[in-house]
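Residue numbers for the first sequence follow the working numbering, so the first one is 237 and each next one is one higher. First comes the structure, then the notes that go with it.
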Amino acid sequence: MHTLGLRPTSQQYLVHSAEQLCGLTLAEVAQTLQVNVPKNLRRNKGWIGQLLELALGASAGSKPEQDFPELGVELKTIPVNDQGKPLETTFVSVAPLTGISGLRWQDSNVRNKLSCVLWIPIIGERHVPPGERVIGPPLLWHPSSEEERLLQQDWEEIMELISLGHIQSITARHGQVLQLRPKAANSKALTEAIGAKGQPILTLPRGFYLKTNFTGTLLAKHFML
DNA sequence: CAATGATCATAC
DNA sequence: GTATGATCATTG
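See below:
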């Protein structure tokens, strides 16, 4: 606990810090950092992620880069039940809807963000007050070749539909492990995209999300070792 | 009751 | 509006 908030200088140090947090309630961490604990997350959906960023010394702000650029690590909290099963999908990044011709998987935001992720399971069902939820064992993850193959396959299929002007027909049912869903302040938010005839249209901003079966499997592999 | 579509707070 | 952090709430 004495290292709370310090910037990690290596992946090893970062993981060590995360391991020190394992078993603590969010209320305990919040108190140490002098952060107020909300009664629920309805108006504080990003509270847990921001608390862990602060606790582990991640760079704050809204910069479009990894949480630990010098370490090449992305930090993600993931709500799970007491058996380690994810309770929600995991947001990865906003999907580019224009200027995407020639964009390859290798250069995509999704691939870059998921190349190395420090997963922090947060144990507690939706009805459990945030402060009572418990930090689980961290996992520094790199996608296996099979996992990356699945991600690339879904990404390429979805991006092709977008580039062909079919974004209006894409639902969250597309993709095995990665899905495209709205990512906006509300249904009135609009952004430019490609229409069916190649013309510019306005549509809801979308984001890529990891489906729970995918994150559930990757966490399970870790916990079974 | 899980999954999809919609939404909340904040910084710039 | 975009990008950060995600979960809510309605639907099937």
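Yeah, the Cβ is synthetic: ideal placement off N, Cα and C, and Gly gets one too.
* Cβ contact (3+ pairs, closer than 8 Å) linking the segment 369–386 and the segment 415–426 -> With a cut-off of 8 Å, the segment 415–426 and the segment 369–386 do not count as touching, because too few Cβ pairs lie within range.
* To do: Inspect the CB distances between the segment 302–317 and the segment 246–258 and report whether three or more fall short of 8 Å.
  => Taking 8 Å as the limit for Cβ pairs, the verdict is that the segment 246–258 does touch the segment 302–317.
* Using a Cβ-Cβ cut-off of 7 Å (strictly less than) and excluding sequence neighbours within five positions of A425, which residues of its own chain qualify? -> As a position in the first sequence, residue 425 is number 189, starting the count at 1. Apart from the 5 residues on each side of it in sequence, A425 sits with its Cβ closer than 7 Å to the Cβ of L440 and P441 in its chain, given in chain order.
* Could you say which of T325, C352, C258 and Q342 lies nearest to L446 if we only look at CA atoms? => As a position in the first sequence, residue 446 is number 210, starting the count at 1. Cα-wise, what sits closest to L446 is T325.
* If you draw a straight line from the C-alpha of A408 to the C-alpha of Q256, how long is it? -> Here residue 408 is taken as the residue at index 172 of the first sequence, counted from 1. Here residue 256 is taken as the residue at index 20 of the first sequence, counted from 1. Approximately 37 Å between the Cα atoms of the pair.
* According to DSSP, which residues form a beta bridge with T313? -> Locating residue 313 in the first sequence gives position 77, where the first residue counts as 1. Beta bridge pairing from DSSP links T313 with I356.
* Asked: Using the C-alpha atoms, what's the distance from T261 back to W341?
  -> Stepping through the first sequence from its first residue, residue 341 is reached at position 105. Stepping through the first sequence from its first residue, residue 261 is reached at position 25. W341 and T261: Cα-Cα distance of roughly 38 Å.
* In chain order, what residues of the same chain have a beta carbon less than 6 Å from the beta carbon of G360, not counting five sequence neighbours either side? -> Counted from its first residue, the first sequence places residue 360 at position 124. For G360, same chain residues with a beta-carbon under 6 Å away, outside a window of 5 residues either side, are R369 in chain order.
* Option in P332, I284 and F327 with minimal Cα separation from L350 -> The residue given as residue 350 occupies position 114 in the first sequence. Of the candidates P332, I284 and F327, the residue whose Cα lies closest to the Cα of L350 is F327.
* Near L323, what residues of its chain come up, given a Cβ to Cβ distance below 8 Å and the 5 sequence neighbours on each side ignored? -> Within the first sequence, numbered from 1, the residue matching residue 323 stands at position 87. Cβ within range, chain order: P315, V316, N317, E361, R362 and T448.
* Asked: How would you label M460, buried or exposed, when you count the other beta carbons within 10 angstroms and need 16 or more for buried?
  -> Locating residue 460 in the first sequence gives position 224, where the first residue counts as 1. Classification for M460: exposed.
* If we ignore side chains and look at the alpha-carbon of each, how far apart do Q388 and V413 end up? -> What you label residue 388 is simply residue 152 of the first sequence in a count that begins at 1. What you label residue 413 is simply residue 177 of the first sequence in a count that begins at 1. Going from the Cα of Q388 to the Cα of V413 covers about 10 Å.
* On the DSSP bridge assignment, give the partners of Y445 in chain order. => Translated into the one-based positions of the first sequence, residue 445 becomes position 209. The bridge partners DSSP lists for Y445 are F327 and Q415.
* In whole angstroms, what is the alpha-carbon distance linking I336 and S399? -> Reading the first sequence from its first residue, position 100 is the one you call residue 336. Reading the first sequence from its first residue, position 163 is the one you call residue 399. Rounded to the nearest angstrom, the two C-alpha atoms are 7 Å apart.
* Asked: For the beta strand (DSSP E) that contains I430, what are its first and last residues?
  -> As a position in the first sequence, residue 430 is number 194, starting the count at 1. First-last of the beta strand (DSSP E) with I430: T427 to I430.
* Asked: Can you tell me whether DSSP reads P366 as helix, strand or coil?
  -> By one-based count along the first sequence, residue 366 stands at place 130. In this structure, P366 counts as helix in the three-state DSSP scheme.
* So A331 and G241 are in contact, right, with Cβ under 8 Å, and what is the actual spacing, rounded? -> The sequence position of residue 331 within the first sequence is 95, counting from 1. The sequence position of residue 241 within the first sequence is 5, counting from 1. A331 to G241, Cβ: 33 Å. No contact.
* **Rounded Cβ spacing between V276 and P365 (contact assumed at less than 8 Å)** => Against the first sequence, residue 276 aligns to sequence position 40. Against the first sequence, residue 365 aligns to sequence position 129. The question names Val, yet the displayed sequence has Asn at residue 276. That pair is a contact at about 7 Å.
* If we ignore side chains and look at the alpha-carbon of each, how far apart do V271 and G293 end up? -> Mapped onto the first sequence, residue 271 falls at position 35. Mapped onto the first sequence, residue 293 falls at position 57. The straight-line gap from Cα to Cα measures roughly 15 Å.
* Reduced DSSP secondary structure (H/G/I, E/B, other) of I336 -> Mapped onto the first sequence, residue 336 falls at position 100. Here I336 sits in coil by DSSP.
* Going by the CB atoms, is the gap between I394 and G411 shorter than 8 Å? -> Taking the first residue of the first sequence as 1, we reach residue 411 at position 175. Taking the first residue of the first sequence as 1, we reach residue 394 at position 158. Cβ distance < 8 Å, so G411 and I394 count as in contact.
* Give the straight-line distance between the Cα atoms of G434 and K312, rounded to the nearest whole angstrom. => The residue given as residue 434 occupies position 198 in the first sequence. The residue given as residue 312 occupies position 76 in the first sequence. Using only the alpha carbons, I get a separation of about 36 Å.
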